[in-house]
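Here is the structure we will look at.
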Amino acid sequence: MAAQARGGTLVARVVRELSALSLQREEGAYLGAEDDLIAKLGVSRPTLKQAAKIAESERMISVRRGIRGGFYAARPNVNDSIRAINRYLRLRGVTLRELAVTGAISEEAAGFAAQCDDVGLHTQLKAMLVEARECIAPRALLDFDTRFVGHLAVMSGNPVIEVIVAMSYSFGRDEQGIYLYANEEQQAVAREHFDAIGQAVLKRDSELARFMMRRRLAVIGEWIGGADASQFGPINQLET
1 MAAQARGGTL VARVVRELSA LSLQREEGAY LGAEDDLIAK LGVSRPTLKQ AAKIAESERM
61 ISVRRGIRGG FYAARPNVND SIRAINRYLR LRGVTLRELA VTGAISEEAA GFAAQCDDVG
121 LHTQLKAMLV EARECIAPRA LLDFDTRFVG HLAVMSGNPV IEVIVAMSYS FGRDEQGIYL
181 YANEEQQAVA REHFDAIGQA VLKRDSELAR FMMRRRLAVI GEWIGGADAS QFGPINQLET
């Protein structure tokens with residue numbers, strides 16, 4: 001048992017050291033060949049291989065074979081983390097009703113996006129608003145919905161908002177399938193929402209952007225059951 005504990009501790013230490021080496025370099029940078037790292041870290045080949053498998057599974061390094069083979073710096077993929085979180089939430093029996101608490105984060109994403117000064121991100125948002133007008137099918141709207149709010153999260157400049165938005169939309173898509181935006185009325189309302197939120201962001205009106213996102217979430221909540229969006233009034237009245 002003591003030998004196993006020592007072995008486990010050593011492997012864990014090497015995993016941390018491999019991760020630290022990776023973080024010191026840019027993603028994709030060459031960290032060295034297997035023999036180089038054995039010498040650098042002062043460990044045996046089996047220990048390095050065991051640690052490398054763990055570090056690679058955590059997306060901290062990539063191990064390449066053949067020509068130009070060796071160890072390379074890598075970075076975790078947020079989508080892998082999100083899939084793990086979603087699996088955990090499903091095992092806990094979480095539903096869309098409980099996930100609704102993340103709506104406040106989407107509101108903040110819209111509000112902070114309105115403060116974004118990145119010209120390139122503004123240009124992309126304008127192009128997305130044009131694209132939204134052509135989204136007709138439910139699946140196209142669902143795909144656009146995810147990308148649109150994800151873009152606002154990027155514009156917010158807050159990585160925490162990005163992760164939470166990505167997680168909630170990934171979970172929501174799996175849960176609701178194509179039932180959302182299933183009829184022409186919902187599709188038309190969705191396009192109006194996208195445009196209203198996007199225009200508020202482009203006008204740098206944080207409060208309006210937050211309000212329109214809140215209204216949109218209330219309407220979606222009404223569609224999937226349990227919410228009342230009547231308090232917000234028609235979109236065309238809010239834009240005047």
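Number 193 in UniProt numbering belongs to position 193 of the sequence shown; there are no gaps in the numbering. By construction, the Cβ of each residue, glycine as well, lies at the ideal position given by its N, Cα and C atoms.
*If you compare alpha carbons, which of A113, K40, E56 is closest to P76?*
E56
_Cβ neighbour criterion (16 or more within 10 Å) applied to E108_ = buried
*Enumerate in chain order the residues of its own chain whose CB-to-CB distance from Q186 is below 6 Å, with the five nearest sequence positions on each side excluded.*
none
*Would you mind stating whether S156 and A127 have Cβ atoms separated by less than 8 Å?*
no
*Go ahead and pull the three-state DSSP assignment for A84.*
helix
*Looking only at C-alpha atoms, which of A104, V15, H151, L99 sits nearest to G120?*
H151
*Pull up the CB-CB distance for S106 and V165, whole angstroms please, since I reckon it's below 8 Å.*
6 Å
*List the endpoints of the continuous alpha helix (DSSP H) containing S156.*
138-156
_So A73 and V63 are supposed to be a Cβ contact under 8 Å. How far apart are they, rounded?_
That belief does not hold up - the Cβ atoms of A73 and V63 are roughly 12 Å apart, past 8 Å.
*Would you mind reading off the limits of the alpha helix (DSSP H) that contains V189?*
184-202
_Run through the DSSP bridge pairs and tell me what Y30 is partnered with._
Y72
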